Structures are given as C-alpha cells and as structure tokens.
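*Asks:* Under the working numbering, the first residue of the sequence shown is numbered 1, with each subsequent residue one higher.
Every residue, glycine too, gets a C-beta built ideally from N, C-alpha and C.
On a predicted model such as this, the values are computed, not experimentally measured, just so you know.
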Amino acid sequence: MHQSWLLAQFRATLFRSESPAGGGGMWLAPPGRAGNLDSAVSFTRPQWTALVLAALLPLAFAAFTQHAWEDYFITLRSSRHLVDGHGLVFNPGERVHTFTSPLGVLVPALCTALAGPDREATALWIFRLINAAFLAGAAALLWRRA
C-alpha cells in the first residue's frame with residue numbers, strides 16, 4: 001500500500017469528531033475539524049504554556065524533593081524480576097502478587113529494561129518522564145474537550 005494513503009487513513013481515523021464506537025461526542029478533533037491534522041493539534045500560546053507546565057511542574061517537584069512513593073519501589077521489584085526473567089513476582093520462586101495494575105508494573109519494567117541493571121534512579125527518572133508526557137497529553141485532551 002502507498003504510504004500517503006495509509007497516513008491519510010490514520011489521520012482520518014484519529015482526528016474524526018466521533019468516537020470509534022459511534023455515539024457521537026468528541027474523540028480527538030474538535031467538531032468541524034475532523035480529518036484536519038493541523039487544526040486538530042494547533043494550540044494558542046496560553047494553551048502551550050499550560051501543557052508545558054503540566055509536564056514540567058511534576059518533574060520540578062520530583063527533582064526538588066527527590067521523593068518517590070514506596071508503592072513505586074514495591075512495583076519496581078516485581079518489574080525488575082520480570083526484566084531479569086523471573087516473572088512478575090516479588091521474590092523469585094515465590095508466587096506472590098504484589099501489583100495492582102498490569103500497566104503499573106509493565107511501564108516500570110520497560111523503564112528498568114531501558115535503564116539497565118542496578119540503575120533504579122535512572123529507571124525512576126525515565127518513569128517520571130513518561131508520566132509527565134502522559135500528563136501533558138491528558139491536559140491537551142482536556143483542553144480540547146473544554
């Protein structure tokens with residue numbers, strides 16, 4: 001298939017005004033802007049400022065306080081064991097379930113794999129950056145919805 005046709009189909013699907021399941025409502029594109037990538041992702045200066053602040057304020061707080069919840073480290077232990085090949089367990093050889101969400105353990109596992117062995121601080125900062133990006137994305141969707 002031709003690449004531009006695939007890109008056009010992707011844009012038409014992603015930036016339509018109705019949800020994929022039907023039922024109306026806004027998905028990613030504001031009404032009247034369906035299929036138009038430029039207008040669907042354009043923001044004003046105050047909107048960009050809000051999005052950047054939504055991402056940077058939590059990172060600045062983390063850098064200033066060096067605080068991480070203990071739940072992250074409990075989940076990180078299971079994530080580390082997954083990356084090391086022992087599965088999603090708290091202790092290798094013991095089948096103990098220690099996480100509440102598959103996504104909550106797989107994202108730190110990805111961060112652990114990217115950071116390398118015995119690099120918990122690096123994995124934590126990768127995790128924080130991913131979360132900041134998701135937070136900014138959520139702020140963008142909320143701004144578009146308002």
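Does G25 pass the burial test, meaning 16 or more other C-beta atoms within 10 Å, or should it be called exposed?
*Replies:* Numbered from 1 along the sequence shown, position 25 holds the residue referred to as residue 25. With a pLDDT of 40 at G25, under the threshold of 50, the modelled position of that residue is not reliable, and no figure is offered here.
*Asks:* Kindly indicate which residue of L124, R144, R77 and P46 has the alpha-carbon position closest to the one of N91.
*Replies:* As a position in the sequence shown, residue 91 is number 91, starting the count at 1. Nearest option by C-alpha distance: R77.
*Asks:* Please classify P117: is it buried, with 16 or more other beta-carbons within 10 angstroms of its beta-carbon, or exposed?
*Replies:* Within the sequence shown, residue 117 is the residue found at index 117, counting from 1. Its Cβ having fewer than 16 others within 10 Å, P117 is exposed.
*Asks:* Please list the terminal residues of the continuous alpha helix (DSSP H) segment that includes Q47.
*Replies:* Numbered from its first residue, the sequence shown carries residue 47 at position 47. It spans R45 to T65 - the alpha helix (DSSP H) in which Q47 sits, taken as one unbroken run.
*Asks:* Indicate the three-state DSSP secondary structure (helix, strand or coil) for L69 in the structure shown.
*Replies:* As a working note, residue 69 is residue 69 in the sequence shown. Note that residue 69 corresponds to Trp in the displayed sequence, not to Leu. Of the three classes helix, strand and coil, the one that applies to W69 here is coil, per DSSP.
*Asks:* Which first and last residues belong to the alpha helix (DSSP H) in which F127 is found?
*Replies:* Taking the first residue of the sequence shown as 1, we reach residue 127 at position 127. Looking at the DSSP string, the run of the alpha helix (DSSP H) that includes F127 is E120 to R145.
*Asks:* What's the C-alpha gap between A111 and A123?
*Replies:* Locating residue 111 in the sequence shown gives position 111, where the first residue counts as 1. Locating residue 123 in the sequence shown gives position 123, where the first residue counts as 1. Sequence inspection shows Cys at residue 111; the Ala mentioned does not correspond to that position. Near 5 angstroms, if we compare the C-alpha coordinates of A123 and C111.
*Asks:* Hey, A54 and A133 are a contact pair by Cβ (cut 8 angstroms); roughly how many whole angstroms apart?
*Replies:* Start at 1 with the first residue of the sequence shown, and residue 54 comes out as number 54. Start at 1 with the first residue of the sequence shown, and residue 133 comes out as number 133. With 8 angstroms as the limit, A54 and A133 do not qualify as a contact, their Cβ atoms being about 10 angstroms apart.
*Asks:* In three-state terms, what does DSSP make of L88?
*Replies:* Here residue 88 refers to the residue found at position 88 when the sequence shown is read from its first residue. L88: coil per DSSP, three-state reduction.
*Asks:* Quick check: the Cα distance between E120 and A113, rounded to an integer number of angstroms?
*Replies:* Taking the first residue of the sequence shown as position 1, residue 120 is located at position 120. Taking the first residue of the sequence shown as position 1, residue 113 is located at position 113. Between E120 and A113, the C-alpha separation is close to 10 angstroms.
*Asks:* To the nearest angstrom, report how far apart H67 and I130 are at their CA atoms.
*Replies:* Reading the sequence shown from its first residue, position 67 is the one you call residue 67. Reading the sequence shown from its first residue, position 130 is the one you call residue 130. Rounded to the nearest angstrom, the two C-alpha atoms are 17 angstroms apart.
*Asks:* Can you tell me where the alpha helix (DSSP H) holding T112 begins and where it ends?
*Replies:* As a first step, residue 112 must be located in the sequence shown, where it is residue number 112. Residues P102 to A115.
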